[in-house]
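**Q** Take this structure, written in structure tokens, and hold onto it; I'll ask about it next.
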Amino acid sequence: RTQIILTTLVEDSISYDEVDSISITSPTKIELVRTNFAEVWMWTTSDNGSVSEEGFTLTKKIPDTITSW
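And the structure:
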């Protein structure tokens, strides 16, 4: 099983109508664990009709990957 752990920074939320003064705090760490590495998305079938000489464009959200394209 392969996992990639990404860390990103998110600023704390402040509701301005609830406070008299605003103070900025340090960013909060949020850990995102990527676990969906299925490669079967590349071999799904679809009914595209006819394909022209220029080909066609397939737009699809792909799962997490450990390689670059």
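Here my numbering is used: the first residue of the sequence shown is 527, the next is one more, and so on. Even for Gly, the Cβ is constructed at its ideal location relative to N, Cα and C.
(1) Among W569, I556 and P553, which one has its Cα closest to the Cα of K586?
(2) Go to K587, then tell me how far its beta strand (DSSP E) extends in each direction, as first and last residue.
(3) Report the rounded CA-to-CA distance for A564 versus D590, giving the unit in angstroms.
(4) At the level of alpha carbons, what is the spacing between E579 and L558?
**A** Reading it off the structure:
(1) As a working mapping, residue 586 is identified with position 60 in the sequence shown. Of W569, I556 and P553, the residue nearest in Cα terms is W569.
(2) One-based indexing of the sequence shown puts residue 587 at position 61. First-last for K587: undefined, no H or E at that position.
(3) Locating residue 564 in the sequence shown gives position 38, where the first residue counts as 1. Locating residue 590 in the sequence shown gives position 64, where the first residue counts as 1. Whole-angstrom Cα-Cα distance: 8 Å.
(4) Here residue 579 refers to the residue found at position 53 of the sequence shown. Here residue 558 refers to the residue found at position 32 of the sequence shown. Going from the Cα of E579 to the Cα of L558 covers about 42 Å.
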